[in-house]
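Worksheet: the structure to be examined is printed underneath.
2 protein chains.
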Amino acid sequence: MSWDLYLAEKAALVEAELDRLISQTAYPPVIHQAMRYSLLGGGKRLRPALALAASEAVAGEAHRVLPLACAIEFIHTYSLIHDDLPVMDNDDYRRGRLTLHRVYGEGMAVLAGDALLTEAFAILAETAGQWPDLQARYLEAMVRVARASGRQGMIGGQVVDLESEEKEFGAETLEYIHAHKTGALIQAAVWCGALIGGASRTQLAAMDVYGWHYGLAFQITDDILDVVGSRDEMGKDMGSDRRKQKATYPALYGVERSVDMAAREVEKAVAALEGWGPRADLLREAARSLVYRRR
Amino acid sequence: MSWDLYLAEKAALVEAELDRLISQTAYPPVIHQAMRYSLLGGGKRLRPALALAASEAVAGEAHRVLPLACAIEFIHTYSLIHDDLPVMDNDDYRRGRLTLHRVYGEGMAVLAGDALLTEAFAILAETAGQWPDLQARYLEAMVRVARASGRQGMIGGQVVDLESEEKEFGAETLEYIHAHKTGALIQAAVWCGALIGGASRTQLAAMDVYGWHYGLAFQITDDILDVVGSRDEMGKDMGSDRRKQKATYPALYGVERSVDMAAREVEKAVAALEGWGPRADLLREAARSLVYRRR
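Sequence lines, in order, name chains Y and P. To get my numbering, take the position in the first sequence, counting from 1, and add 8. To get my numbering, take the position in the second sequence, counting from 1, and add 8.
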């Protein structure tokens, strides 16, 4: 199966599960509507798909990784909601629709983000209690997910990103932002997917390397698309990084060199899975597809 | 030991642990400074003390409940930071000092709140992995804490609170707001403290009843203090509930009747611990002290 087809198939699976997890009819209505607006707003479901593919690469069972995959998508969604707020990146569009705070107001957007983050850990903790043989692994995943998204992970990256706006920045700051703001949660999705799938410590070490390079390649191509992509394909305003004078790869190295750097990260990601045989083909293709990314 | 003395002693213990958990020198500096500004800003540490007292009531060991107690204080602190934001309650003072967003800006306040919430679950998950004999109980506590603070707990209460501003409200809406916005996390602190302390299911059921009534009594007295308290004692601007036309007990029932209602909730909390003997004296006194609350 091709990665594109796999991604589409798993996106449908995850979408159905997210829909089930946050009921339309729960009380209080408005917070659940707001959560659903962002959660079911047509994401690519890349992180869940990577978690599922990493689990498959170690012969794990999809249904036991699905709660982890959804929890990570909850966290990703909350981070987008809070990042889009006027007091942060101040974005009006996301995935081709108005951002949450433009529809439900800023207070509700803060609360919906908080609720999604909280729910992610509720799901992980409930799942850990459900399968005794997976309890220890789900607990370990919970620690990893919390660290990857917290003050020295994703939030740390966002903090340095905000601080670097309209300032001079170097290669080190840039890599810190990208590795933490986007990379950490992607890496955690891959690593935890393999962990829940039953990976050995050696396999987990390889997944960590793969996830690290994949995450960097993803964010570099994201930066490039903000320069060369079209609004229709991306579903948000382009060129916003430059307007905000964000620390990006194209800003520091130019587009051409950034493309080369992304390709090099992709190669390193693929190399991390050397000797894994065909069971890692999906992950390899997932990495290679970043080079041709259009959205 | 009197409850006041116990509270002061445990506040010092918790304060030292919070200080240790969020290091002054961690990177990125600003987010850690912001977290510490709010976390170490002189709270009463009521929820941690209740968790510790509930554990003692079932002969639990304090050092094994301390991580739970701190995690709950992290969550309480994050909720205050986000509630104080201009897009929510718009408060300038808290505990006698400027609110976090007035010092660090709104973007950083959103992120510091997010980081505290995330850290709470990191601590719980790490602790669960640390003591194998407590793993299942810590997992159960994690579910309870997440539910109590999430979309159908604390956040649900805040949502209905925001929606009820400047509107007619009835007794049912008022109880929903109070039980969820404040009550749920207090009840969870008591219940989880007893759970980690080794309580039986029968004991936990009693703790749930105690926590429910304690939580309501606490919030009713909080409403009353907003009307009759002084700025010096409370460390924040008084009368803000009325200015914002919040749904409060004094607004619906008047001060005098509200005092009676709080006293009745206190009686019910104490009654829940009938037959527990002297080991529950602290919790009984904690409830009774609410009637004479000055801050």
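Ideal Cβ positions, reconstructed from N, Cα and C, are used throughout, including at glycine. These numbers were taken from a predicted model, which means no experiment stands behind them.
- If the five residues before and after E273 (chain Y) are omitted, its C-beta is found closer than 6 Å to the C-beta atoms of H221, L224, A225, all from its own chain and listed in chain order.
- Ranked by Cα distance from I39 (chain P), the options P:S63, P:A70, P:A123 are led by P:A123.
- Sorting P:Y184, P:P56, P:R296, P:I89 by C-alpha distance to the C-alpha of G113 (chain P) places P:I89 at the top.
- For F177 (chain Y), no alpha helix (DSSP H) run applies, since DSSP gives it neither H nor E.
- In terms of CA proximity to L60 (chain Y), Y:V22 leads the group Y:P37, Y:V22, Y:R105.
- At a Cβ-Cβ threshold of 8 Å, E69 (chain Y) and L26 (chain Y) do not count as neighbours.
- In this structure, the straight-line span from the alpha carbon of F177 (chain P) to that of D230 (chain P) is close to 18 Å.
- When the alpha-carbon of W284 (chain Y) is set against those of Y:A67, Y:I30, Y:L106, Y:P36, the nearest one is in Y:A67.
- Here the C-alpha atom of S248 (chain Y) lies approximately 36 Å from the C-alpha atom of A288 (chain Y).
- With respect to the C-alpha of L193 (chain P), the residue from P:G50, P:Y86, P:L170 having the closest C-alpha is P:Y86.
- Uninterrupted alpha helix (DSSP H) stretches at least 4 residues long and entirely within the region 25-94 of chain Y occur at 37-47, 54-65, 70-92, given in chain order.
- Residues of chain Y whose Cβ lies closer than 7 Å to the Cβ of S157 (chain P) are, in chain order, T126.
- Contact with chain P is absent for H186 (chain Y), since none of that chain's Cβ atoms lies less than 8 Å from the residue's Cβ.
- Contact check for V151 (chain P) and E275 (chain Y): beta-carbon distance about 43 Å, past the 8 Å limit, so the pair fails to qualify.
- The DSSP assignment places 239-242, 248-251, 257-261, 263-279 as complete runs of the alpha helix (DSSP H) inside the region 239-285 of chain Y, in order along the chain (cut-off: 4 residues).
- Per the coordinates, the alpha-carbon of Q253 (chain Y) lies some 45 Å from the alpha-carbon of Y146 (chain P).
- Contact annotation: V198 (chain Y) and L58 (chain Y) have beta-carbon atoms nearer than 8 Å.
- Collapsing the DSSP output to three states places R287 (chain P) in a helix.
- About 4 Å separates the Cβ atoms of Q227 (chain Y) and H186 (chain Y), confirming a contact at the 8 Å cut-off.
- Between the C-alpha atoms of L203 (chain Y) and V236 (chain P) there is a straight-line separation of about 56 Å.
- In terms of beta-carbon proximity, D249 (chain P) stays away from the interface with chain Y, with every pair separated by 8 Å or more.
- The distance from the Cβ of L290 (chain P) to that of E64 (chain P) is about 7 Å, consistent with a contact at the 8 Å cut-off.
- Residues of the region 160-178 of chain Y with a C-beta less than 8 Å from any C-beta of chain P: Q160, I163, G164, Q166, V167, V168, L170, E171, listed in chain order.
- In this structure, Y:S46 is the residue among Y:S46, Y:W11, Y:G206, Y:Y300 with its C-alpha nearest to the C-alpha of M116 (chain Y).
- In terms of Cβ geometry, L132 (chain Y) and A120 (chain Y) do not form a close pair [threshold 8 Å].
- Counting every other CB atom within 10 Å of its CB across the protein chains shown gives H84 (chain P) a total of 16 or more, marking it as buried.
- In the three-state reduction of the DSSP assignment, R102 (chain Y) falls in the strand class, which pools E and B.
- With a minimum length of 4 residues, the unbroken runs of alpha helix (DSSP H) contained wholly in the region 101-172 of chain Y fall at 108-112, 114-138, 143-157, 162-172.
- Taking CB atoms only, Q143 (chain P) has a neighbour in chain Y less than 8 Å away.
- From the beta-carbon of A123 (chain P), the residues of chain Y found nearer than 7 Å are G158, R159, I163.
- Taking CB atoms only, G237 (chain P) has no neighbour in chain Y less than 8 Å away.
- The beta carbons of V267 (chain P) and R296 (chain P) sit no closer together than 8 Å.
- Chain-order list of chain P residues neighbouring G137 (chain Y): A144, L147, E148, V151, by C-beta distance under 8 Å.
- For T229 (chain P), the enclosing alpha helix (DSSP H) has its first and last residue at 209-236.
- Apart from the 5 residues on each side of it in sequence, G165 (chain Y) sits with its Cβ closer than 6 Å to the Cβ of I185, H188, K189 in its chain, given in chain order.
- Beta-carbon to beta-carbon, D100 (chain Y) and L106 (chain Y) are separated by about 6 Å, close enough to satisfy the 8 Å threshold.
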